[in-house]
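First comes the structure, then the notes that go with it.
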Amino acid sequence: MKLNRLKCGLTQGELAEGIISVSYLSKIEHNQIFPSEEVYNLIFKRLGIDIEEELQLNDFVLEKKCRTWFHALLLGSEKDRLSYLYEDIKKPFSRAFIHEYGSSVLRKGR
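Note that this note's numbering has the sequence shown beginning at 93, numbered continuously upward.
Written as structure tokens, this is what we have:
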């Protein structure tokens, strides 16, 4: 989220204004707390992020990484390469990612 805020040229105060406190936003950016879906939606809207588009992009990237890993398995790649690819696939499934996207994804039956 911080990266998107900086890309938009916004300070924490500007992004948080009328939605949440600056200290709360700071905790979100540092993955110390996970706000409600409503707060995420308001922040994403202010940042100009289309949540559906982001989810589709994430799906595309994940599928590409899985295909690369699968091909590496078929080709008998070295264990270190396979482990690296597997760990790269697992990254988006951190607690923050699941909290951030999980409820909306599950609700839509994806």
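Beta carbons are placed, not taken as given, at the ideal position from N, Cα and C, and that holds for glycine.
- Here Arg-97 is buried, its C-beta having at least 16 other C-beta atoms within 10 Å.
- In its chain, beyond the 5 residues on either side, no residue has a beta carbon closer than 6 angstroms to the beta carbon of Asp-151.
- C-alpha of His-163 to C-alpha of Lys-182: approximately 17 angstroms in a straight line.
- DSSP, reduced to helix, strand and coil, places Thr-160 within a helical segment of the structure shown.
- When the five nearest sequence neighbours on each side are left out, the beta carbons in the same chain lying within less than 6 angstroms of the beta carbon of Ile-111 are those of Leu-134, in order along the chain.
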